[in-house]
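In this text, residue positions in the sequence shown follow our numbering: the first is 81, and each later residue adds one.
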Amino acid sequence: MNAEKNDLNSLIDMDKKNIFHPATSITDLEKNGPRIVKSAKGIYIEDQDGRQVLDGIAGLWCSNLGHGRPELAQAMANAVENLDYFHTFNGHSNEQQILLANELMKIVPDNLSHVFFGSSGSDANDTLIKIAWQYNISRGKPSKIKVISRWQSYHGTSISTASLTGLKGFHKAFHLPLDFVIHTDIPHYYIHGQDGESEVEFTQRLLDTLSRQIEEEGADNIAAFIGEPIMGAGGVIPPPTGYWAGVQKICNDNDILLILDEVVCGFGRTGTAFGSEHYQVKPDMMATAKGITAGIFPMSAAFISKEVHDVMRQASAEYGGFSHGYTYSGHPVGAAVALKVLEIIEQEKIIENSKSTGAYLHERLHERLANHPHVGEIRGKGLLAAVQLMKDKDKKIPFDVADKVPAAMSSACYQEGLIARPLPSIGALALSPPLITSRHDVDIIVDRMYTALKKL
Numbered sequence: 081m082n083a084e085k086n087d088l089n090s091l092i093d094m095d096k097k098n099i100f101h102p103a104t105s106i107t108d109l110e111k112n113g114p115r116i117v118k119s120a121k122g123i124y125i126e127d128q129d130g131r132q133v134l135d136g137i138a139g140l141w142c143s144n145l146g147h148g149r150p151e152l153a154q155a156m157a158n159a160v161e162n163l164d165y166f167h168t169f170n171g172h173s174n175e176q177q178i179l180l181a182n183e184l185m186k187i188v189p190d191n192l193s194h195v196f197f198g199s200s201g202s203d204a205n206d207t208l209i210k211i212a213w214q215y216n217i218s219r220g221k222p223s224k225i226k227v228i229s230r231w232q233s234y235h236g237t238s239i240s241t242a243s244l245t246g247l248k249g250f251h252k253a254f255h256l257p258l259d260f261v262i263h264t265d266i267p268h269y270y271i272h273g274q275d276g277e278s279e280v281e282f283t284q285r286l287l288d289t290l291s292r293q294i295e296e297e298g299a300d301n302i303a304a305f306i307g308e309p310i311m312g313a314g315g316v317i318p319p320p321t322g323y324w325a326g327v328q329k330i331c332n333d334n335d336i337l338l339i340l341d342e343v344v345c346g347f348g349r350t351g352t353a354f355g356s357e358h359y360q361v362k363p364d365m366m367a368t369a370k371g372i373t374a375g376i377f378p379m380s381a382a383f384i385s386k387e388v389h390d391v392m393r394q395a396s397a398e399y400g401g402f403s404h405g406y407t408y409s410g411h412p413v414g415a416a417v418a419l420k421v422l423e424i425i426e427q428e429k430i431i432e433n434s435k436s437t438g439a440y441l442h443e444r445l446h447e448r449l450a451n452h453p454h455v456g457e458i459r460g461k462g463l464l465a466a467v468q469l470m471k472d473k474d475k476k477i478p479f480d481v482a483d484k485v486p487a488a489m490s491s492a493c494y495q496e497g498l499i500a501r502p503l504p505s506i507g508a509l510a511l512s513p514p515l516i517t518s519r520h521d522v523d524i525i526v527d528r529m530y531t532a533l534k535k536l
């Protein structure tokens, strides 16, 4: 049935009748109905009322090249006509997957040697945990099962990755987290630094806690540490000084694999190809998704180091095929889109724009919002930012979660023509506009947020 033949009320009724939405209150949806996005072009979406609204979160951290790019549509169409689908199990491959892997290896950290393709950030992290387990079993260390994550982190919503996620809203009502996960402290100096404690001292306290947890659990029982270079959904939290260098040393000293979740940070979001580049950290494994196809095709890429791959290769003599994979692993259409995305990133200097325009975004946010009585901290890197909302900024007293201030401010931003993402677990608003955003666009974003915050 052609949706254009249906009036708006019919579409709303059909949505409420038939669709179980992700991350949505059923009762709120029944009361208010869905917000229907009709179309999108550049950095704007058109909603059900015909309003042009600036997409300040790039869809869901992923529409990095903006919306409606004809060259991406053409790349997808060409791929469908040539090879619409074939699986990659049992040694099957396709030209697009092969070429994409080759291009990716030119830009990822140089210790990473092989890539496993999937469909989402959740499945990339799932894959890496299973590889970590088989890696340790194959080395004669089957007790290395536990994985350390951080409170306030986000790594997905599958049973295993929701367990890794450190947001309690993803645990309650699901019998989670599973017991293979150990959560450690949130590396957020602004909120969790103690009175009189320097940032360096704060970092050392977190590292001491991590070392103590490893000692208590036993390093022989811990397979990996997983973290986002800059926390995303948990608050857009850059780590304190020296944090990642310290974590890497602790992992190395205890034979623990370091997994970096670059699903949000990867492919230019923070002004570098990957977030790890800001902190001179080299992961043993790395998860990516979102920006790899600029949001227009579900795809993920999970990377492993040569050392890990060497062990997996030796293990194949005992275990045969790696008993893991997805129907759409190495999808030829997704790979074709990703190749075109990488080409555009290079040709249009997208990462350079993220760095320079991102610096301008943070400069303007500080100029316009820093003196607001309820804005505590403005943080992030590149075109990734968060505005921390506080009930009392001087005493660092947050708003009560029940007051739903981030949601209210997100709604206020929308009324001003800006989509900003509420982060209720930490009381902040997030911005992650497409990486094609200009300085003029930044001025519009900041002006609209400034106007919205007047209502707080």
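No residue lacks a Cβ here, since even glycine has one placed at the ideal position from N, Cα and C.
What does a CB cutoff of less than 6 angstroms around M81 pick up in its chain, not counting 5 residues either side in sequence? The predicted position of M81 is uncertain, since its pLDDT is 48 and thus under 50; no value can be drawn from it.
Distance check for V526 and L449, CA to CA, integer angstroms please. Answer to the nearest angstrom: the Cα atoms are 8 angstroms apart.
Quick check on K121: does DSSP put it in helix, strand or coil? Secondary structure of K121 (DSSP, three-state): strand.
Backbone CA spacing between I477 and Y269 [nearest angstrom]: Spanning the two alpha carbons is a distance of roughly 15 angstroms.
With respect to the beta strand (DSSP E) encompassing K471, which residues constitute its N-terminal and C-terminal limits? For K471, the uninterrupted beta strand (DSSP E) run begins and ends at L464 to D472, by DSSP.
With DSSP collapsed to three states, give me the class of V280. Helix at V280.
In whole angstroms, what separates the C-alpha of D480 from that of S505? When rounded, the distance between both Cα atoms is 10 angstroms.
In the structure shown, what three-state DSSP assignment does S385 receive? Residue state, collapsed to three classes: strand.
Starting from D341, trace the beta strand (DSSP E) in both directions and tell me its first and last residue. Segment L337 to D341, the beta strand (DSSP E) holding D341.
What residue range does the alpha helix (DSSP H) around H194 cover? Unbroken run through H194 is the beta strand (DSSP E), L192 to G198; no alpha helix (DSSP H).
Candidates A155, D390, D341 and N191, of which the one nearest D423 by Cα: It should be pointed out that residue 423 corresponds to Glu in this sequence rather than to Asp. For the residues A155, D390, D341 and N191, the minimum Cα distance to E423 belongs to A155.
Residues sharing a beta bridge with L134, DSSP: Answer is Y124 and L498, bridged to L134.
Are the CB atoms of P513 and G136 nearer to each other than 8 angstroms? Against a cut-off of 8 angstroms, the Cβ pair of G136 and P513 comes out as a contact.
Residues bridged to M94 by DSSP? For M94, DSSP assigns no beta-bridge partner whatsoever.
Exposure label - D93; buried when at least 16 CB within 10 Å: Classification of D93: exposed, given that the 10 Å Cβ count is below 16.
Give me, in chain order, the residues of the same chain whose beta-carbon lies closer than 8 angstroms to that of L179; leave out the 5 immediate sequence neighbours on both sides. Counting only Cβ-Cβ distances below 8 angstroms, and skipping sequence neighbours, we find A415 and L419.
Helix, strand or coil for A83? Go by DSSP, reduced to three states. For A83, the predicted model reports a pLDDT of 46, less than 50, meaning its position is unreliable and no value from the coordinates is stated.
Exposure of T407, with buried meaning 16 or more beta-carbon neighbours within 10 Å: Its Cβ having fewer than 16 others within 10 Å, T407 is exposed.
Could you give the distance in angstroms between the alpha-carbon of A83 and the alpha-carbon of D95? Here A83 scores only 46 on pLDDT, less than 50, and its place in the model is too uncertain to base an answer on.
Would you mind reading off the limits of the alpha helix (DSSP H) that contains V261? Looking at the DSSP string, V261 is not in any alpha helix (DSSP H); the run it does join, the beta strand (DSSP E), is V261 to T264.
Bridge partners - L305, DSSP secondary structure assignment: Sequence check: residue 305 is Phe here, not Leu. Residue pairing from DSSP places F305 in a beta bridge opposite I228 and L338.
Name, in chain order, the residues that DSSP records as bridge partners for G460. As computed with DSSP, G460 is found in a beta bridge with A465.
Under 8 angstroms between the Cβ atoms of G201 and A439? No, Cβ-Cβ distance for G201 and A439 is not below 8 angstroms.
Going along the chain, which residues of its own chain have a beta-carbon closer than 7 angstroms to the beta-carbon of V280, five neighbours each way excluded? Once the five neighbours on either side are set aside, the close Cβ partners of V280 are T321 and G322.
Buried versus exposed call for I106 [16 or more other C-beta atoms within 10 Å across all chains shown]: Exposed, since its Cβ has fewer than 16 Cβ neighbours within 10 Å.
In chain order, what residues of the same chain have a beta carbon less than 6 angstroms from the beta carbon of H404, not counting five sequence neighbours either side? These residues qualify, in order along the chain: K210.
Using only the alpha-carbon positions, how far apart do Q468 and H101 sit? Spanning the alpha carbons of Q468 and H101 requires a straight line of approximately 27 angstroms.
CB-CB under 8 angstroms to Q214, same chain, minus the five flanking residues each way: which ones, in chain order? The residues are M392, A395, Y399 and F402.
Rounded to the nearest angstrom, how far is the Cβ of P363 from that of L340, given a contact under 8 angstroms? With 8 angstroms as the limit, P363 and L340 qualify as a contact, their Cβ atoms being about 4 angstroms apart.
With DSSP run on the structure shown, which of helix, strand or coil describes V538? Since the first residue shown for the chain is 81 and the last is 536, residue 538 is missing from the structure and cannot be characterised.
8 angstroms CB neighbourhood of G531 in its chain, flanking five on each side removed: Residue 531 is actually Thr in this sequence, not Gly. Closer than 8 angstroms at the Cβ level, and outside the excluded window around T531, lie E496.
Per DSSP, what kind of secondary structure is T517 in: helix, strand or coil? Residue state, collapsed to three classes: coil.
At least three beta-carbon pairs within less than 8 angstroms, the segment 108-122 to the segment 140-149: These segments touch.
On the CB-based measure, 16 or more other CB atoms within 10 Å of its CB, does P222 come out buried or exposed? By the 10 Å Cβ count, P222 comes out exposed.
Would Q177 be called buried (16 or more neighbouring beta carbons within 10 Å of its own) or exposed? The residue in question, Q177, is buried, as its Cβ has 16 or more Cβ neighbours within 10 Å.
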